[in-house]
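Enquirer:
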Amino acid sequence: MMNIPVFKPNLTDNEINAAVEALRLGWLGPGSYVQEFEKKIAEYIGVDEKKVVAVNTGTSAVHLSLVLSGVGEGDEVITPSFNNIADFHAIKMLGAHPIFCDIFEDTLTINPEAIESLITKKTKAIICIDFGTSLCDYDAIKKIADKYNVSIIHDAAHAFGSKYKGQMVGSFSDICTFSFDPVKNITCIDGGAVIVKSLEFAQRLRAMRQLGQQQNQEILYKNERSWTYDVSEIGFRYHLANLHGAIGVQQMKRIEFIKMQRQRVCNFYTKTLKNLDGLALPHVDNEIFPFIYVVRVQNGKRQDFINYMKTHGVDTGIHWQPGHKFSFLKNEGAGPLVITDKISEEIVTLPTYPDLTDEELFKVISVIKSFFTG
Ligand SMILES: Cc1ncc(COP(=O)(O)O)c(C=O)c1O
300 MMNIPVFKPN
310 LTDNEINAAV
320 EALRLGWLGP
330 GSYVQEFEKK
340 IAEYIGVDEK
350 KVVAVNTGTS
360 AVHLSLVLSG
370 VGEGDEVITP
380 SFNNIADFHA
390 IKMLGAHPIF
400 CDIFEDTLTI
410 NPEAIESLIT
420 KKTKAIICID
430 FGTSLCDYDA
440 IKKIADKYNV
450 SIIHDAAHAF
460 GSKYKGQMVG
470 SFSDICTFSF
480 DPVKNITCID
490 GGAVIVKSLE
500 FAQRLRAMRQ
510 LGQQQNQEIL
520 YKNERSWTYD
530 VSEIGFRYHL
540 ANLHGAIGVQ
550 QMKRIEFIKM
560 QRQRVCNFYT
570 KTLKNLDGLA
580 LPHVDNEIFP
590 FIYVVRVQNG
600 KRQDFINYMK
610 THGVDTGIHW
620 QPGHKFSFLK
630 NEGAGPLVIT
640 DKISEEIVTL
650 PTYPDLTDEE
660 LFKVISVIKS
670 FFTG
């Protein structure tokens with residue numbers, strides 16, 4: 300029998316039929332389905348559809364956001380070392396440097412006071428991220444960013460559909476990015492989006508995602524193209540294709556179900572795993588649409604735990620190894636990373652996906668309990 304995996308996408312015939320339809324349409328580039336997907340996201344989050352720009356990955360979303368923020372050669376970007384490698388590459392692609400910042404021990408999100416101590420004349424931007432079942436303290440980070448006049452990129456790859464202080468994530472940040480990769484809250488197979496406050500930024504993003512071509516979007520969204528356009532700045536081949544847009548539209552139609560199922564899994568873990576000696580449960584925000592459920596196995600027992608789970612039929616994951624430990628990034632600047640160093644030896648991701656059955660959940664729980672209670 301196969302192990303219970305860490306991730307499994309929730310796909311139905313709706314997504315499969317939509318993909319077939321999009322292929323039959325014969326317009327494979329960006330077009331009507333991309334517009335429909337952007338509209339659905341805009342409605343869901345409660346923002347102007349013109350300010351939602353779909354792209355091909357969450358990594359490109361962060362890269363383009365850094366370009367919008369004017370990040371370039373030699374600039375510094377403060378980011379948690381406890382972040383996805385995608386963000387570090389996005390910074391390095393621009394010749395800039397990540398400056399690794401520590402996190403809070405409860406939420407595992409960036410510590411605003413630590414950010415302030417890392418600000419220099421070269422600081423151009425801050426990347427803050429939401430993690431697993433916790434949202435970053437955007438208001439506190441924004442205060443610091445405003446005080447020093449630096450940009451914030453809110454990487455909400457984990458938090459699509461969540462609310463921070465009652466507001467939808469994506470509706471309040473200057474620049475907010477999402478990922479719709481195969482394992483995220485919703486998937487386009489691969490995809491991402493940037494939501495911006497300024498229409499000018501949105502216009503630039505629409506050109507930049509298509510090699511800088513300032514094509515008439517209304518024509519493009521009718522599955523046609525204009526053959527003449529200007530190119531006034533750098534661009535990349537980062538557009539979302541119609542096929543992926545079509546799948547995203549179907550996921551958006553089922554989003555409440557997917558959200559409920561993910562919440563069910565996390566609530567189950569929180570309720571049933573309390574009071575196990577040597578196991579710390581994550582902070583869970585009230586209005587979270589959870590991506591992954593990350594526990595901490597203490598007392599140097601993580602590898603034993605991972606091995607035990609695997610041999611008893613349950614796969615687990617590690618999100619993430621911190622940035623400053625990679626050979627590629629070891630010479631980048633950093634503040635003290637005491638909490639990052641501590642928790643990165645303890646974190647373990649439990650299976651978190653909508654289709655986990657109650658039976659499978661009981662199995663995961665019983666294997667965990669037997670590890671801790673012997
Ligand atoms: C916090 C964070 N940012 C960015 C990304 C990159 O997104 P994508 O895989 O769509 O390129 C990820 C992917 O897991 C992520 O977790």
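Position one of the sequence shown corresponds to residue 300 (this note's numbering), numbered consecutively onward. Using N, Cα and C, we set each Cβ at its ideal position, and we do this for glycine too.
(1) Taking the alpha helix (DSSP H) that P411 falls in, what are its first and last residues?
(2) Could you say if the stretch 349-369 and the stretch 491-499 meet the contact criterion of at least three C-beta pairs nearer than 8 angstroms?
(3) Can you grab the Cα-Cα spacing for the pair F627 / A458, in whole Å?
(4) Tell me whether the beta-carbon of I557 lies closer than 9 angstroms to the beta-carbon of N302.
(5) Roughly how many whole angstroms lie between the Cα atoms of F671 and Q562?
(6) Going by C-alpha distance, which of A540, T486 and A360 is nearest L324?
(7) Let me confirm a value: D445 is counted as buried when at least 16 other C-beta atoms fall within 10 Å, else exposed. Which label applies?
(8) Alpha carbon to alpha carbon, what distance is there between Y652 and T311?
(9) Closest by CA to P621, which one among I409, E337, I443 and L363?
(10) Mind listing, in chain order, the continuous beta strand (DSSP E) runs of no fewer than 3 residues lying wholly within the stretch 442-521?
(11) Between S525, D529 and E659, which has its C-alpha nearest Y568's C-alpha?
(12) Please determine, among G547, S433, H362 and K423, the residue with the shortest C-alpha to C-alpha distance to Y343.
(13) Would you say K629 touches ligand 1, meaning its beta carbon is less than 8 angstroms from a heavy atom?
(14) Counting Cβ pairs, one atom from each stretch, are 3 or more of them under 8 angstroms apart for the stretch 639-656 and the stretch 605-625?
(15) From I667 to K442, what distance separates their C-alpha atoms?
(16) Starting from the C-beta of S416, find all residues in its chain whose C-beta is less than 8 angstroms away, skip the five residues before and the five after it, and write them out in chain order.
(17) Less than 8 angstroms between the CB atoms is what I'm expecting for I426 and D454, so what's the real figure, rounded?
(18) Going by DSSP, what residue range makes up the beta strand (DSSP E) through T422?
(19) Write down every uninterrupted run of the alpha helix (DSSP H) in the stretch 586-623 whose length is 4 residues or greater and which is fully enclosed by it, in chain order.
(20) Would you list, in sequence order, the uninterrupted alpha helix (DSSP H) runs of no fewer than 4 residues that lie entirely inside the stretch 616-663?
(21) G431 to P379, Cα distance in whole Å?
(22) Cβ-heavy atom distance between I428 and ligand 1 below 8 angstroms?
(23) Leaving out five residues before and five after P481 in sequence, what residues of the same chain have Cβ atoms less than 8 angstroms from its Cβ?
(24) Is any heavy atom of ligand 1 found at a distance shorter than 8 angstroms from the C-beta of N408?
(25) Using a threshold of 8 angstroms, is the CB atom of H457 nearer than that to any non-hydrogen atom of ligand 1?
(26) Going by the C-beta, is T356 closer than 8 angstroms to any heavy atom of ligand 1?
(27) Using only the alpha-carbon positions, how far apart do K391 and K624 sit?
(28) Tell me the residue span of the beta strand (DSSP E) that contains F399.
(29) Given that a residue counts as buried once 16 or more other Cβ atoms are within 10 Å of its Cβ, and exposed if not, what is K350?
(30) Measuring from the CB of N606, is there a heavy atom of ligand 1 at a distance below 8 angstroms?
(31) Nearest-angstrom Cα distance between L655 and I377?
(32) Using a Cβ-Cβ cut-off of 8 angstroms (strictly less than) and excluding sequence neighbours within five positions of V366, which residues of its own chain qualify?
Expert: In short, the structure shows the following:
(1) On the sequence shown, residue 411 is found 112 positions in, with the first residue counted as 1. Note, P411: alpha helix (DSSP H), P411 to L417.
(2) Output reads yes: the stretch 491-499 touches the stretch 349-369.
(3) Stepping through the sequence shown from its first residue, residue 627 is reached at position 328. Stepping through the sequence shown from its first residue, residue 458 is reached at position 159. When rounded, the distance between both Cα atoms is 28 angstroms.
(4) What you label residue 557 is simply residue 258 of the sequence shown in a count that begins at 1. What you label residue 302 is simply residue 3 of the sequence shown in a count that begins at 1. Not in contact: I557 and N302 (Cβ atoms no closer than 9 angstroms).
(5) Locating residue 671 in the sequence shown gives position 372, where the first residue counts as 1. Locating residue 562 in the sequence shown gives position 263, where the first residue counts as 1. Those two C-alpha atoms are separated by around 25 angstroms.
(6) Working through the sequence shown from its first residue, we reach residue 324 at position 25. When each option's Cα is compared against that of L324, the closest is A540.
(7) Counting from 1 along the sequence shown, the entry for residue 445 is found at position 146. An exposed status is given to D445, since fewer than 16 other beta-carbon atoms sit within 10 Å of its beta-carbon.
(8) Taking the sequence shown and counting its residues from 1, one reaches residue 311 at position 12. Taking the sequence shown and counting its residues from 1, one reaches residue 652 at position 353. Taking the straight line from one Cα to the other gives about 14 angstroms.
(9) Position 322 of the sequence shown, counting from 1, holds the residue named residue 621. Nearest to P621 by alpha-carbon distance, out of I409, E337, I443 and L363, is I409.
(10) Runs found: 450-454, 474-478 and 491-495.
(11) Counting from one through the sequence shown, the residue named residue 568 turns up at place 269. For Y568, the nearest C-alpha among the options comes from E659.
(12) Within the sequence shown, numbered from 1, the residue matching residue 343 stands at position 44. If we check each option's Cα against that of Y343, G547 comes out closest.
(13) Along the sequence shown, read from residue 1 onward, the residue named residue 629 stands at position 330. Every heavy atom of ligand 1 is 8 angstroms or more from the Cβ of K629, so no.
(14) Using a C-beta cut-off of 8 angstroms, the stretch 639-656 makes contact with the stretch 605-625, since at least three inter-stretch Cβ pairs fall below that distance.
(15) Translated into positions along the sequence shown, residue 667 becomes position 368. Translated into positions along the sequence shown, residue 442 becomes position 143. Taking the straight line joining both Cα atoms gives about 41 angstroms.
(16) As a first step, residue 416 is located in the sequence shown; it is residue number 117 there, counting from the start. Correct list, in chain order: G634.
(17) By one-based count along the sequence shown, residue 426 stands at place 127. By one-based count along the sequence shown, residue 454 stands at place 155. About 6 angstroms separates the beta carbons of I426 and D454, which is inside the 8 angstroms limit, making them a contact pair.
(18) For the purposes of this step, residue 422 is taken as residue 123 along the sequence shown, with counting starting at 1. For T422, the uninterrupted beta strand (DSSP E) run begins and ends at T422 to I428, by DSSP.
(19) As far as the stretch 586-623 is concerned, its whole alpha helix (DSSP H) runs of at least 4 residues are 601-610.
(20) Correct list: 637-642.
(21) Within the sequence shown, residue 431 is the residue found at index 132, counting from 1. Within the sequence shown, residue 379 is the residue found at index 80, counting from 1. Between G431 and P379, the C-alpha separation is close to 14 angstroms.
(22) Here residue 428 corresponds to residue number 129 of the sequence shown, with the count starting at 1. True, at least one ligand heavy atom lies under 8 angstroms from that Cβ.
(23) Here residue 481 corresponds to residue number 182 of the sequence shown, with the count starting at 1. The residues are F306, P308, I488 and D489.
(24) The sequence position of residue 408 within the sequence shown is 109, counting from 1. According to the sequence as given, residue 408 is Thr; it is not Asn. In terms of side-chain proximity, the C-beta atom of T408 is found no nearer than 8 angstroms to any non-hydrogen atom of ligand 1.
(25) Within the sequence shown, numbered from 1, the residue matching residue 457 stands at position 158. It does: the Cβ of H457 is within 8 angstroms (strictly closer) of some heavy atom of ligand 1.
(26) The count along the sequence shown starts at 1 and reaches residue 356 at position 57. At least one heavy atom of ligand 1 is nearer than 8 angstroms to the Cβ of T356, so yes.
(27) Residue mapping note: residue 391 aligns to position 92 of the sequence shown, counting from 1. Residue mapping note: residue 624 aligns to position 325 of the sequence shown, counting from 1. Rounded to the nearest whole angstrom, the CA to CA distance from K391 to K624 is 16 angstroms.
(28) As a working mapping, residue 399 is identified with position 100 in the sequence shown. Where F399 is concerned, the enclosing beta strand (DSSP E) stretches over H396 to C400.
(29) Taking the first residue of the sequence shown as position 1, residue 350 is located at position 51. By the neighbour-count criterion, in which a residue is buried when 16 or more other Cβ atoms sit within 10 angstroms of its Cβ, K350 is buried.
(30) Along the sequence shown, one-based indexing puts residue 606 at 307. Result no, Cβ not under 8 angstroms from ligand 1.
(31) The residue given as residue 655 occupies position 356 in the sequence shown. The residue given as residue 377 occupies position 78 in the sequence shown. Roughly 37 angstroms separates the two Cα atoms.
(32) Start at 1 with the first residue of the sequence shown, and residue 366 comes out as number 67. For V366, where only same-chain residues beyond five positions count, the Cβ hits under 8 angstroms are L393, M507 and I533.
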